[in-house]
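Below is one structure, written out as structure tokens; the observations come after it.
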Amino acid sequence: MFIGGLVARPASAQVLEIGADGAVTRFDGPVVFTDDGAKTLILDAPAADAAIGADAVRQQISTAASVYALDPKLVEAVAWRESRFRPDARSNKGAIGVMQLMPGTARDLGVDPHDPVQNIRGGALYLRRMMSAFGGDVRLALAAYNAGPAAVRKHGGVPPYAETQAYVTSILGRMAASGAPLAVPVLGASQ
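Take the position in the sequence shown, starting the count at 1, then add 847; the result is the number in the working numbering.
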């Protein structure tokens, strides 16, 4: 009896998408194309590699949240959405680690994005900066973390990008499910 071969698996070869405007987008990992655009998949994998497990990730998140006066549930929700707590996560756009820091952002923050502890601290610092830049508005800070602060300013709010809107909704939903307050105050630790 043959059963196992009928399960669809996402392709993981390099994929090039040519947009209507001729722009070429390269996807290096597993990706699913939907009506809302391409979504990079985070495949089922260990929550974190052997160098730092999920419990250690949570502890580092708690420490970083405290240092930067953020609700640990907010930082945890961002880390979960970004990487499922996986220090080895890499995005098709080049983001690295638990908090999915872009190399340039990590450089600006003075952290090594490949080091899980520094990655988490850098992500928390960047989130703190976005919270401060947008007056403590969690929605705008999350949108800026995902799409960049320039996009939030340009659109005067959460940009109309499906990815960013889904990102903000997902994180706020995770926070609500955990009982975290959705209005996270700025506690004065601007960096």
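Using N, Cα and C, we set each Cβ at its ideal position, and we do this for glycine too. Computed from a prediction, not measured in an experiment: that's the story for all the values here.
Start and end residues, alpha helix (DSSP H) containing residue i
i      : result
His961 : First-last for His961: undefined, no H or E at that position.
Asp902 : 901 to 914
Val999 : 996 to 1002
Arg931 : Looking at the DSSP string, Arg931 is not in any alpha helix (DSSP H), and its letter there is neither H nor E.
Gly953 : Looking at the sequence shown, residue 953 is not Gly but Ala. Here the alpha helix (DSSP H) through Ala953 covers 950 to 956.
C-alpha distance - residue i paired with residue j, whole-angstrom precision
i       : j       : result
Ala924  : Ala1023 : 10 Å
Ala971  : Pro1007 : 25 Å
Leu1019 : Ala912  : 17 Å
Asp962  : Leu917  : 21 Å
Leu890  : Ala926  : At Leu890 the pLDDT is 44, less than 50, meaning the model places this residue with poor confidence and gives no usable figure here.
Val904  : Arg931  : 10 Å
Val964  : His1002 : 33 Å
Ser909  : Pro919  : 5 Å
Gly1004 : Leu921  : 19 Å
Leu989  : Tyr1014 : 8 Å
Ala998  : Asp984  : 15 Å
Per-residue DSSP class, three states only, for residue i
i       : result
Ala1036 : Note that Ala1036 has pLDDT 41, beneath the 50 cutoff, so the model's placement of it is unreliable and no number is given.
Arg937  : strand
Leu917  : coil
Ile1018 : helix
Check whether residue i and residue j have beta carbons under 9 Å apart
i      : j      : result
Val958 : Gly969 : yes
Val945 : Arg937 : no
Pro996 : Ala980 : yes
Asn939 : Ala953 : no
Gln947 : Glu929 : yes
Assumed close pair residue i, residue j - CB separation to whole angstroms, cut-off 8 Å
i      : j      : result
Arg975 : Tyr915 : 4 Å
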